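Just so you know, the sequence shown maps onto residues 633 to 822 in my numbering.
Backbone N, C-alpha and C define an ideal beta-carbon position, used for all residues, glycine too.
Only a predicted model underlies this, so the values are computations on that prediction, with no experimental measurement involved.
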Amino acid sequence: ILPPENVHASLAKILKSSTAPETNSCVGSLTTLERDTWADIRNELISNSKNHASFRSIDDALFVLCLDDLKTEDHARLVQSLLCGDDGHNRWFDKCFQLIIDGNGQATINFEHSWGDGVAVLRLMEETLLDTSTHHFVKPNQTVSGDPKVQKLEFEISDSLKNKIKKAQEDHIDRCKDLQFATVEYTNMT
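Written out as structure tokens, the structure is:
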């Protein structure tokens with residue numbers, strides 16, 4: 633387990649050094665596909681040793697952290713982005729859950745929900761909220777210190793795979809376009 637200052641340094645390094653990837657190279661978009669199709673494409677990807685190493689890192693992770701650029705006060709728009717991930721380029725749906733942080737610093741999770749796991753995930757989020765509210769590991773404008781433990785995951789993507797990524801994004805947008813969201817904010821929780 634990394635100390636908080638190393639996590640802080642790692643996130644700062646990611647935010648400082650990251651550039652938006654070409655959308656047709658966002659492998660996560662492929663996880664929006666039907667499971668068997670995704671499994672076939674995944675096998676195609678991991679036949680490459682560099683891709684295999686990147687998949688190993690993702691598979692070994694407890695969850696995926698998605699850092700989104702979206703900054704909105706429109707709750708329905710935010711919920712749509714958090715649930716669907718827009719075109720899916722910044723999501724990895726083939727994981728138990730994704731922790732998503734938007735451009736305003738709002739956090740949520742997107743998770744694979746079966747009959748018995750909702751309570752466990754809710755408990756995880758409640759405990760996380762309690763812990764981060766009680767223990768301020770990082771303060772606003774705090775100087776970054778610590779040793780960043782970051783490694784960029786690289787993928788070698790053929791033109792054929794780029795076309796599949798683009799098609800997956802288009803199909804995902806098409807599937808999600810008819811979804812409508814409304815929110816109610818209840819502020820009397822104690």
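Spatially closest choice to residue i from the options, by CA coordinates
| i | options | result |
| --- | --- | --- |
| residue 649 | 813, 784, 820 | 784 |
| residue 791 | 647, 640, 639, 657 | 657 |
| residue 639 | 778, 696, 813, 818 | 778 |
| residue 708 | 820, 821, 816 | 816 |
| residue 669 | 819, 821, 793, 820 | 793 |
| residue 811 | 712, 749, 722 | 712 |
Rounded distance between the beta-carbons of residue j and residue i, thought under 8 Å
| i | j | result |
| --- | --- | --- |
| residue 804 | residue 664 | 4 Å |
| residue 691 | residue 732 | Not a contact, Cβ separation roughly 20 Å. |
| residue 660 | residue 720 | 6 Å |
| residue 662 | residue 800 | 5 Å |
| residue 780 | residue 642 | 4 Å |
Burial state of residue i, where buried means 16 or more other Cβ atoms lie within 10 Å
| i | result |
| --- | --- |
| residue 710 | buried |
| residue 796 | buried |
| residue 696 | buried |
| residue 717 | buried |
Distance, residue j Cα to residue i Cα
| i | j | result |
| --- | --- | --- |
| residue 673 | residue 742 | 23 Å |
| residue 773 | residue 652 | 24 Å |
| residue 683 | residue 770 | 34 Å |
| residue 809 | residue 775 | 42 Å |
| residue 727 | residue 759 | 21 Å |
| residue 763 | residue 714 | 23 Å |
| residue 788 | residue 693 | 21 Å |
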